[in-house]
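Okay, structure first, notes after.
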Amino acid sequence: MRLKFSKGFTEPVEIDYIHRRAEFQIIIDPKYQGHGYAVIATRLAMDYAFSVLNMHKLYLVVDKKNEKAIHIYKKVGFSVEGELKDEFFIDGSYHNAIRMCIFQQQYLEMK
41 MRLKFSKGFT EPVEIDYIHR RAEFQIIIDP KYQGHGYAVI ATRLAMDYAF
91 SVLNMHKLYL VVDKKNEKAI HIYKKVGFSV EGELKDEFFI DGSYHNAIRM
141 CIFQQQYLEM K
């Protein structure tokens, strides 16, 4: 299920029904970043993953230098799970990434 809105989209990808986990991704149009849309969209995606899909774990991979995104993910309950070396190739160089996750039980306790 892709939640598309005029300012971007979010969706669970790599859904694994056996292990009950999914990867989360979000894209916000740069001209709408910094207006709180990412927090709202992330919370909606979390609710869908945990309440509708009944996932045990929702995870994401984010560029280690993307401090704004990492701040948002921590704000809504994600925690750092590990670091991935040379995960992204952007503008001619490799970048490390952070893998973050949240578990269904954590999410339900925050609701």
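In this note's numbering, the protein residues as written are 41 to 151.
All C-beta atoms in this analysis are idealised placements derived from N, C-alpha and C, irrespective of residue type, glycine included.
All values derive from a computational prediction rather than experimental measurement.
Within 10 angstroms of the beta-carbon of Gln144 lie 16 or more other beta-carbons, which makes it buried.
Arg139 places its beta carbon 9 Å or farther from that of Val116. Boundaries of the beta strand (DSSP E) around His135: Ser133 to Phe143.
Its chain contains no residue whose beta carbon lies nearer than 6 Å to that of Gly132 once the 5 sequence neighbours on both sides are disregarded. Per DSSP, reduced to three states, the secondary structure at Val79 is helical.
By the 16-neighbour rule on beta-carbons within 10 angstroms, Met150 is exposed. Counting along the chain, Ala62 sits inside the beta strand (DSSP E) bounded by residues Arg61 to Ile68. For Tyr113, the enclosing alpha helix (DSSP H) has its first and last residue at Glu107 to Lys115.
Counted as a single uninterrupted DSSP element, the beta strand (DSSP E) harbouring Tyr99 occupies residues Lys97 to Asp103.
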